[in-house]
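S.K.:
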Amino acid sequence: MINIEETGNLIIVAVIGEFTLADFKQFEDQVLYKFHFNGEANLLFDWRDLVSYSVDVAWEEIKFMREHGSKINRVAVVTDSQWQLWGAWVSNLFTEANVVVFSDYDEAYAWINVD
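Here it is as structure tokens:
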């Protein structure tokens, strides 16, 4: 399940349980809509309750970041999982955005909101 919130230039994405292709499509549509009107965005991924995602989702994420990564300024990822940390690192290879991984949500939120 995915929960997406928007506030100004920030899109907050919380994933609970499995991150499915349908969830990714919902995320992608929301971000593309934001790009259409604002031109760019910051992303905060809350993966503390993420249990799993498929290779298909990972591939879609890589394709999305390659195509649209220049429109993303900052990405904050909140997780304690080593494999999710690795996934964030791989995503960082395909974007110009500043990607930082945090274990504390409040620290991530403060960092992502710095101008």
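Using our numbering, you'd call the opening residue of the sequence shown number 4 and step up by one each time. In this text, a Cβ means the ideal position worked out from N, Cα and C, and glycines have one as well.
Return the CA-CA distance between Glu43 and Lys66, expressed in angstroms with no decimal places.
M.R.: So the alpha carbons of these two residues sit roughly 17 angstroms apart.
S.K.: Could you tell me the distance, in whole angstroms, from the CA atom of Tyr56 to the CA atom of Thr23?
M.R.: For Tyr56 and Thr23, the distance between alpha carbons rounds to 6 angstroms.
S.K.: Since Ala79 is in the beta strand (DSSP E), which residue starts that stretch and which ends it?
M.R.: From DSSP, the beta strand (DSSP E) with Ala79 extends over Ile75 to Val81.
S.K.: Within a Cβ cutoff of 6 angstroms, which residues of the same chain sit near Asp49, ignoring the five residues on either side of it in sequence?
M.R.: Closer than 6 angstroms at the Cβ level, and outside the excluded window around Asp49, lie Ala17 and Val81.
S.K.: What separation, rounded to the nearest whole angstrom, lies between the Cα atoms of Leu47 and Ala111?
M.R.: Cα-Cα distance, rounded: 8 angstroms.
S.K.: When DSSP labels each residue in this structure, what does Ile15 get in the three-state scheme?
M.R.: It is a strand residue.
S.K.: Leaving aside the five residues before and after Leu96 along the sequence, list all residues of the same chain whose C-beta is less than 6 angstroms from its C-beta, in chain order.
M.R.: Any reading at Leu96 must be qualified, since the residue scores a pLDDT of 49, below 50, and its modelled position is unreliable; the value itself is stated next. Closer than 6 angstroms at the Cβ level, and outside the excluded window around Leu96, lies no residue.
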